[in-house]
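Number of protein chains: 2
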Amino acid sequence: MAIFGPKVASLQELFVQELEDLYDAEHQIVKALPKVIDAASAPALKAALAMHLEQTHNHVRRLEQVFNRLGAPAREKRCDGMAGILKEVEKTLREGQSSPIMDAAIIGAAQRVEHYEIAAYGTVRAFAERLGRSDVARVLEETLNEEKAADAKLTEVARQINSQATVAGLRR
Amino acid sequence: MAIFGPKVASLQELFVQELEDLYDAEHQIVKALPKVIDAASAPALKAALAMHLEQTHNHVRRLEQVFNRLGAPAREKRCDGMAGILKEVEKTLREGQSSPIMDAAIIGAAQRVEHYEIAAYGTVRAFAERLGRSDVARVLEETLNEEKAADAKLTEVARQINSQATVAGLRR
Numbered sequence: 147m148a149i150f151g152p153k154v155a156s157l158q159e160l161f162v163q164e165l166e167d168l169y170d171a172e173h174q175i176v177k178a179l180p181k182v183i184d185a186a187s188a189p190a191l192k193a194a195l196a197m198h199l200e201q202t203h204n205h206v207r208r209l210e211q212v213f214n215r216l217g218a219p220a221r222e223k224r225c226d227g228m229a230g231i232l233k234e235v236e237k238t239l240r241e242g243q244s245s246p247i248m249d250a251a252i253i254g255a256a257q258r259v260e261h262y263e264i265a266a267y268g269t270v271r272a273f274a275e276r277l278g279r280s281d282v283a284r285v286l287e288e289t290l291n292e293e294k295a296a297d298a299k300l301t302e303v304a305r306q307i308n309s310q311a312t313v314a315g316l317r318r
Numbered sequence: 147m148a149i150f151g152p153k154v155a156s157l158q159e160l161f162v163q164e165l166e167d168l169y170d171a172e173h174q175i176v177k178a179l180p181k182v183i184d185a186a187s188a189p190a191l192k193a194a195l196a197m198h199l200e201q202t203h204n205h206v207r208r209l210e211q212v213f214n215r216l217g218a219p220a221r222e223k224r225c226d227g228m229a230g231i232l233k234e235v236e237k238t239l240r241e242g243q244s245s246p247i248m249d250a251a252i253i254g255a256a257q258r259v260e261h262y263e264i265a266a267y268g269t270v271r272a273f274a275e276r277l278g279r280s281d282v283a284r285v286l287e288e289t290l291n292e293e294k295a296a297d298a299k300l301t302e303v304a305r306q307i308n309s310q311a312t313v314a315g316l317r318r
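Heads up: the protein sequence lines correspond to chains A and B, in order.
Just so it is clear: in the first sequence, position 36 is 182 by our numbering, and no numbers are missing.
Just so it is clear: in the second sequence, position 45 is 191 by our numbering, and no numbers are missing.
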């Protein structure tokens, strides 16, 4: 989320900082996802993550559109929250091997990423509405809905994967 | 989330590691929340956060109950995701001053915390169910439902706070 000093005196400024934070978070995800897709084994999981990578590129473009509408430069501000979540993801990928257990861990991680974004887009949409920018709120809501759908899709894939992970565990 | 090496060969082990991760995350929240409550100005926000601190103490106890049912020691495993989210929170508190704008930023941060936990408890509940431990799944679901309710409560408070933040911004 946005860090603000004494200079942030208005909701408009906080709003722009939150957008800069999300712009950085989306770029971090674009960079991390291909490695996660490689490490996944279940085709359904690989497909769901690949679709989300496509969407994430689109979320970056939507944020640029929002900056443009607000007359603000598209700047990135370090998002420590997403960095922390992705740090865990990278450790997981380095230390484990592709397996149904790894897939279960990946889904757990990916849902944390989605939920971070659901919270963050919910916040900026609320700020946009409050600032009377319903045009911008609508653009942000499109992404919010895609994050929610991606989370629901992962829950569906998880049911399938966890079943295989249990079997793998029992067969040891 | 849990980091697992080649030693994690079963869903049961991954499940315990995810619980250890959450046990650490809850302790981090218990430590951070009092400072956030101090920095908030709106009474409705202070009250919502104070109620959530009470609940968080209870979430710690529920996790201990879960470890006990599983015959596993209650251990903490560093949760980098929550650490990243709380790092942002602490920077916000250090750099800003109490105001409706600060309150709006605090709500944005607190909802990221809630959503991280919604994702994490959703994962461990699914693992518990998959492992045939519906008794443990029920305990974890109690906390999951409280996290969802806390998030909804913050959305409600946000409507009120954002309205004041806008006015503060306009009055500059």
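Ideal placement from N, C-alpha and C gives every residue a C-beta, glycine not left out.
Owing to the predicted nature of the structure, the values given are computational and were not obtained by experimental measurement.
| Item | Value |
| --- | --- |
| Please confirm if residue 257 of chain B has its CB atom under 7 Å from at least one CB of chain A. | yes |
| For a cutoff of 7 Å on Cβ pairs, would you count residue 165 of chain B as touching chain A? | no |
| At a CB distance below 9 Å, what residues from the region 268-289 of chain A approach chain B? Give them in sequence order. | 268, 269, 270, 272, 273, 275, 276, 277 and 278 |
| With DSSP as the reference, label residue 220 of chain B as helix, strand or coil. | coil |
| Considering only their Cβ atoms, is the gap separating residue 258 of chain A from residue 262 of chain B smaller than 7 Å? | yes |
| Evaluate the contact criterion for the region 292-305 of chain A versus the region 183-193 of chain B: three or more CB pairs, one atom per stretch, below 8 Å. | no |
| With H, G and I counted as helix, E and B as strand and the rest as coil, what does DSSP make of residue 280 of chain A? | helix |
| Does the structure place the region 284-299 of chain B close enough to the region 281-288 of chain A that three or more beta carbon pairs sit under 8 Å? | no |
| In this structure, how does DSSP classify residue 295 of chain A when only helix, strand and coil are distinguished? | helix |
| State the CB to CB distance for the pair residue 255 of chain B and residue 275 of chain B, rounded to an integer number of angstroms; the pair is presumed to be in contact (CB under 8 Å). | In fact, because the Cβ distance is near 31 Å, the residues do not count as touching under 8 Å. |
| Jot down the residue ranges of each uninterrupted alpha helix (DSSP H) in the region 189-273 of chain B, minimum 4 residues, whole runs only, in chain order. | 189-216 and 226-241 |
| Closer than 7 Å between beta carbons: that is the criterion. Which residues of the region 234-253 of chain A meet it against chain B? | 234, 237, 238, 241, 242, 243, 247, 250 and 251 |
| Suppose the cutoff is 6 Å on Cβ atoms and the five residues either side in sequence are ignored; what does the same chain contact list for residue 175 of chain B look like? | 202 |
| Count the other CB atoms, across all protein chains shown, that sit within 10 Å of the CB of residue 278 of chain B; report buried if there are 16 or more and exposed otherwise. | exposed |
| Can you tell me the Cβ-Cβ gap for residue 205 of chain B and residue 172 of chain B, rounded? I've got them flagged as a contact below 8 Å. | 5 Å |
| Determine the burial state of residue 219 of chain B: buried for a count of at least 16 other Cβ atoms within 10 Å of its Cβ, exposed for fewer. | exposed |
| With residue 178 of chain B as the anchor, note down where its alpha helix (DSSP H) starts and where it stops. | 157-185 |
| Give a yes or no on whether the C-beta atoms belonging to residue 231 of chain A and residue 268 of chain B are separated by under 7 Å. | no |
| Anyone know if the C-beta pair for residue 296 of chain A and residue 241 of chain A falls short of 7 Å? | no |
| Cα separation between residue 272 of chain A and residue 183 of chain B? | 22 Å |
| By the 10 Å Cβ neighbour count, where 16 or more other Cβ atoms means buried, how is residue 158 of chain B classified, buried or exposed? | buried |
| Would you kindly work out how many angstroms separate the C-alpha atoms of residue 291 of chain B and residue 264 of chain B, rounded to a whole number? | 8 Å |
| Check whether the Cβ atoms of residue 223 of chain B and residue 281 of chain B sit closer than 7 Å, and answer yes or no. | no |
| Going by CA-CA distance only, name the one from A/180, A/208 and A/209 that's closest to residue 195 of chain A. | A/180 |
| Is the beta carbon of residue 160 of chain B sitting closer than 7 Å to the one on residue 252 of chain A? | no |
| Mind pulling the chain B residues with CB within less than 7 Å of residue 173 of chain A? | Under the 7 Å cutoff, chain B gives no residues; its nearest Cβ is about 16 Å from residue 173 of chain A. |
| If we count the other Cβ atoms within 10 Å of its Cβ and call it buried at 16 or more, is residue 162 of chain B buried or exposed? | buried |
| Cβ closer than 9 Å: which chain A residues qualify as neighbours of residue 107 of chain B? | Chain B is shown only over 147 to 318; residue 107 of chain B falls outside these bounds and no answer can be derived. |
| Confirm, please, whether the CB-CB distance from residue 164 of chain A to residue 270 of chain A is below 7 Å. | yes |
| Output, in chain order, the set of chain A residues within a Cβ distance shorter than 7 Å of residue 226 of chain B. | 230, 233 and 234 |
| How about residue 160 of chain A: is its C-beta nearer than 7 Å to some C-beta of chain B? | yes |
| So which residues on chain A does residue 216 of chain B lean against when the C-beta distance must stay under 9 Å? | Residues of chain A passing the Cβ test: none, with the nearest at roughly 14 Å. |
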